[in-house]
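Under this note's numbering, the first residue of the sequence shown is numbered 1, with each subsequent residue one higher. Accompanying notes for the structure given below.
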Amino acid sequence: MVILVLSLAILMFGCSKNKEQAVKADGELVYRPAWWGEQTEETYVSTYGQGTNLNENASMNVARSNALSEAAQYVRINVESMLKNYLEEAGISDPQVLGLSSNVLRAVSEAQFSGVITGKIETRKVNEADGQRYKTWVQLRIPTDQINRKLAAEIRNEEALYNEFKASQAFQELDKYLENN
């Protein structure tokens, strides 16, 4: 009798619990290297690119080009943020200065940065509908001081903007940072 009661109790508790069902995700998981998207060093900005081509070297070149394009987008966003902070801090609303700041932004985001290095790279042969291809993933690393130096140089080149910024505490902090690094 005790065995029957215990069996029924176990059966009741076993059936009464809410069992979580695995939620099935739609779509297929797309492969990326484990290091994809990492930002691990303060002294570098890492950008990423992927390229696919019949030729292995061409796939590497496409991946690198895509990573450089991402770098330009990153730099543009980063510089926009820095300029916005400077303008807000200085209380600048002069249309001429605002126009000059967009020139600085454009020049810095289109600049070629020295010191860009390839961080990590991975190439695989993949089968696609139209045949075998090489797929490459690349990480490029841009020294953050290069970005900051380009920004400071462009601000100095725009005299009206420079005159407004040079009294700015934020610009003085940027100058101090550049002197120490």
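Backbone N, C-alpha and C define an ideal beta-carbon position, used for all residues, glycine too.
Delimiting residues of the beta strand (DSSP E) encompassing residue i
{"i": "residue 143", "result": "131 to 143"}
{"i": "residue 44", "result": "44 to 53"}
Secondary structure of residue i, DSSP reduced to three states
{"i": "residue 128", "result": "strand"}
{"i": "residue 122", "result": "strand"}
Burial state of residue i, where buried means 16 or more other Cβ atoms lie within 10 Å
{"i": "residue 31", "result": "exposed"}
{"i": "residue 29", "result": "exposed"}
{"i": "residue 135", "result": "buried"}
{"i": "residue 151", "result": "buried"}
{"i": "residue 59", "result": "buried"}
{"i": "residue 141", "result": "buried"}
{"i": "residue 154", "result": "buried"}
Contacts around residue i, its chain only, beta-carbon distance under 7 Å, and the 5 residues preceding and following it disregarded
{"i": "residue 43", "result": "143, 144"}
{"i": "residue 54", "result": "133"}
{"i": "residue 39", "result": "46"}
{"i": "residue 119", "result": "46, 139, 140, 141"}
Close Cβ partners of residue i (< 8 Å) along its chain, the five nearest in sequence each way excluded
{"i": "residue 121", "result": "60, 63, 136, 137, 138, 139"}
{"i": "residue 56", "result": "123, 134, 136"}
{"i": "residue 33", "result": "120, 122, 137"}
Distance cut-off 7 Å: residue i Cβ against heavy atoms of the ligand FAD
{"i": "residue 75", "result": "The ligand content of the structure shown is nil, which means the ligand FAD is not present either."}
Within 8 Å, do at least three Cβ pairs link the segment 67 to 77 to the segment 43 to 53?
Enough Cβ pairs lie closer than 8 Å, so yes.
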